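Participant: In numbering that gives the first Met the number 0, the protein residues as written are 0 to 108. Take this structure first; my questions come after.
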Amino acid sequence: MQLIKAIIRPNKVDEVKEALEKIGVAGMTVTEVRGHGQQKGHTAVYRGKEYAVSLLPKMSVETVVADSLVETAIKAISTAARTGEIGDGRVFVTPVAYSYKIRTGERES
Numbered sequence: 000m001q002l003i004k005a006i007i008r009p010n011k012v013d014e015v016k017e018a019l020e021k022i023g024v025a026g027m028t029v030t031e032v033r034g035h036g037q038q039k040g041h042t043a044v045y046r047g048k049e050y051a052v053s054l055l056p057k058m059s060v061e062t063v064v065a066d067s068l069v070e071t072a073i074k075a076i077s078t079a080a081r082t083g084e085i086g087d088g089r090v091f092v093t094p095v096a097y098s099y100k101i102r103t104g105e106r107e108s
């Protein structure tokens, strides 16, 4: 099993969710996060004063998939989240040794 964590634009969450559902990924966790990479933020004006916004709103999408589905999931996420502009996000893949179902205590590997 592999944990796939994608940091994407907030307006791309529904497209990524649909893309993962199409390939058979049943569950995911979505969290609002803030950060920056190459994008480095931007300036904004509030009540006539300009200020720097260095941490931009992003969404973190996490899902655990079987090893055989990792490349397909990465491609689905990347295709659905891509705009071609700086700030599209990043995908991280981490091995998962095993997990437990809380309700039953059943171990899955």
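Virtual Cβ for every residue (Gly too), placed ideally from N, Cα, C. Remember, predicted model here, so these are calculated numbers, not experimental data.
Which residue from Pro56, Glu105, Tyr97, Arg102 puts its Cα closest to that of Ile7?
Facilitator: Answer by Cα proximity: Pro56.
Participant: Contact defined as beta carbons within less than 8 Å: I believe Ala18 pairs with Ala79. What is the distance between those atoms, to the nearest angstrom?
Facilitator: That belief holds up - the Cβ atoms of Ala18 and Ala79 are roughly 4 Å apart, short of 8 Å.
Participant: Just the Cα atoms here: how many angstroms apart are Met0 and Pro94?
Facilitator: Distance between the alpha carbons of Met0 and Pro94 is about 6 Å.
Participant: Quick one: residues in its chain with C-beta nearer than 8 Å to the C-beta of Met27, no 5 flanking neighbours on either side, listed in chain order?
Facilitator: Excluding sequence neighbours, Met27 sits near Lys16, Leu19, Val60, Glu61, Thr62.
Participant: Quick check: does the Cβ of Val90 come within less than 7 Å of any heavy atom belonging to the ligand GTP?
Facilitator: You won't find the ligand GTP in this model; it holds no ligand whatsoever.
Participant: What span of residues does the beta strand (DSSP E) with Lys48 cover, start to end?
Facilitator: Per DSSP, Lys48 belongs to the beta strand (DSSP E) from 48-52.
Participant: Using the Cα positions of His35 and Ala75, report the straight-line distance between them to the nearest angstrom.
Facilitator: Each residue's alpha carbon lies about 23 Å from the other.
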